[in-house]
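Presented below is the structure to which this report refers.
In the working numbering, the protein residues as written are 37 to 501.
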């Protein structure tokens, strides 16, 4: 699922979405079956010591996800209408809209203004929730090799299964970035050289993503994690290196090459916000590793060369096109989003408490926009769009779940880890949060799913003082 979702054009159409949903339901079924088997047979799967999630943050996150699913389900079962609209596929402009009113909803309960659309959102959220908890269960369970060597309770980061996850993310993201770079250099707007792109009049595609900023968001989410993974693997190999160890023979030496491909891909996306965030994240990441390598002059020179090479590679490949985008940017209207934000604020004031229903922004915005501003399928501000569709109650629940995951790192009983990895991991998550204030990463299944998998990974961590 990690490999499939970005390559399926970001999983933005019906067939890939339901493929991912089906995978989530299967993962959830396996996870529930495993939990029942353990309880009935009093079987211990070789958990990492103290990682059972008995502390309050993980319990709070579990209760929050159940409440959020119930909240969306109630709004689905308590609809006020259904909205059907048609639009010109070539220009993404709505041509008509039709309301089908249902019975009067119970106003003191969550209700949706487009019941069928919110129902589809509920199935997606359910599949993602099951994937999250199944992934966490799998990551916290010792592998067969670790059980065979009786390493339960003594494991250090990264464990066998966490290494599998991080290597999969690293290789898949680097391959996706390489494909996007080659596609940019080929000047084609076909997604993966095959699928037509209807976003922005067919311009701005990067790799499998029809919207260039989505490509930058995906890459910026992964490369700091790759950098932290390389740092930990490098330190681990230095500690285990013997007199007969061949220099450069370890697998982690290819990670800087993969990181360079991913960072260069951000340049080639030509996303202004994506580039600005990557520049800031590179600076912060450099400072984290610089001050972590005390009295290691060779390591510091390696850092300077690595980060300088990333900037030089990206600038050589996509610097001119990115400069033209900055020079041609419309900063007064924020590239046409100023009117969208104005209309979205009006929608937010109309749906303050319970919201309009999950993923109903697109059809409802048609009723608020005017001909001069055009129709927007997204608010280009995921925080605002979540407040509109889920209301303050749903938005507060989402924030509390994420806060519980963050607190779990500090108060949890997971795997102790080096602070450099944790800081770079937090940098990746913070970068996506910052991007979501100006764009729509959480409206794209592929980015949303990878973020949840990283959240599941975060629940396995423990801040090691």
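Beta carbons are placed, not taken as given, at the ideal position from N, Cα and C, and that holds for glycine. If you're wondering where the values come from, they're calculated on a predicted model, not measured in any experiment.
Distance between beta carbons of residue j and residue i, contact taken as under 8 Å
i: residue 46; j: residue 250; result: 6 Å
i: residue 67; j: residue 173; result: 6 Å
i: residue 305; j: residue 248; result: 5 Å
i: residue 147; j: residue 116; result: 5 Å
i: residue 42; j: residue 244; result: 6 Å
i: residue 490; j: residue 324; result: Contact doesn't hold; Cβ gap of about 18 Å is too wide.
i: residue 485; j: residue 56; result: 7 Å
i: residue 445; j: residue 381; result: Between residue 381 and residue 445 the Cβ distance is about 34 Å, and since that is not below 8 Å, they are no contact.
i: residue 464; j: residue 257; result: 6 Å
i: residue 121; j: residue 402; result: 6 Å
Nearest candidate by alpha-carbon position, reference residue i, set the options
i: residue 457; options: 494, 483, 472 and 474; result: 494
i: residue 488; options: 138, 452, 416 and 469; result: 469
i: residue 424; options: 252, 384 and 453; result: 384
i: residue 454; options: 74, 270, 222 and 246; result: 270
i: residue 253; options: 497, 498, 491 and 474; result: 474
i: residue 63; options: 471, 319 and 169; result: 169
i: residue 118; options: 382, 150 and 241; result: 150
i: residue 426; options: 396, 439, 402 and 443; result: 396
i: residue 291; options: 302, 211, 312 and 242; result: 211
i: residue 307; options: 286, 246, 264 and 275; result: 246
i: residue 145; options: 94, 73 and 108; result: 108
i: residue 312; options: 345, 418 and 471; result: 471
i: residue 377; options: 418, 394 and 442; result: 418
i: residue 231; options: 467, 447 and 49; result: 49
CB contact flag (residue i, residue j, <8 Å)
i: residue 288; j: residue 259; result: no
i: residue 400; j: residue 412; result: no
i: residue 422; j: residue 298; result: no
i: residue 405; j: residue 476; result: no
i: residue 61; j: residue 171; result: no
i: residue 437; j: residue 65; result: no
i: residue 387; j: residue 429; result: no
i: residue 204; j: residue 38; result: yes
i: residue 328; j: residue 262; result: no
i: residue 165; j: residue 105; result: yes
i: residue 194; j: residue 268; result: yes
i: residue 320; j: residue 310; result: no
i: residue 160; j: residue 295; result: no
i: residue 492; j: residue 175; result: yes
i: residue 315; j: residue 93; result: no
i: residue 242; j: residue 220; result: yes
Residue span of the beta strand (DSSP E) that contains residue i, given as start and end
i: residue 497; result: 497-499
i: residue 453; result: 451-453
Extent of the continuous alpha helix (DSSP H) run through residue i
i: residue 38; result: Looking at the DSSP string, residue 38 is not in any alpha helix (DSSP H), and its letter there is neither H nor E.
i: residue 59; result: 50-77
i: residue 102; result: 92-113
i: residue 149; result: Taken as a continuous stretch (DSSP letters only), residue 149 belongs to no alpha helix (DSSP H), as it is neither H nor E.
i: residue 184; result: 180-184
i: residue 224; result: Residue 224 -> no alpha helix (DSSP H), and no H or E assigned at all.
i: residue 482; result: 481-494
i: residue 374; result: 373-386
i: residue 244; result: From DSSP, residue 244 is part of no alpha helix (DSSP H); its letter is neither H nor E.
i: residue 504; result: Outside the shown range of the chain, which is 37 to 501, sits residue 504, and nothing can be said about it.
i: residue 443; result: 418-447
i: residue 192; result: Segment: none, residue 192 is in no alpha helix (DSSP H) and carries neither H nor E.
i: residue 393; result: Neither: residue 393 is in no alpha helix (DSSP H) and is coded neither H nor E.
i: residue 503; result: Coverage of the chain is limited to positions 37 through 501, which leaves residue 503 absent and any answer about it impossible.
i: residue 327; result: 308-328
Determine contact between the stretch 110-117 and the stretch 152-163, defined as no fewer than three beta-carbon pairs at a distance below 8 Å.
Proximity of the stretch 110-117 to the stretch 152-163 meets the contact definition, three or more beta-carbon pairs being nearer than 8 Å.
Would you call the stretch 430-437 and the stretch 475-484 touching, i.e. three or more CB-CB distances under 8 Å?
The stretch 475-484 and the stretch 430-437 do not touch, with fewer than three beta-carbon pairs separated by less than 8 Å.
Stretch-stretch touch, CB-based, cutoff 8 Å, three pairs: the stretch 211-219 with the stretch 178-187
These segments do not touch.
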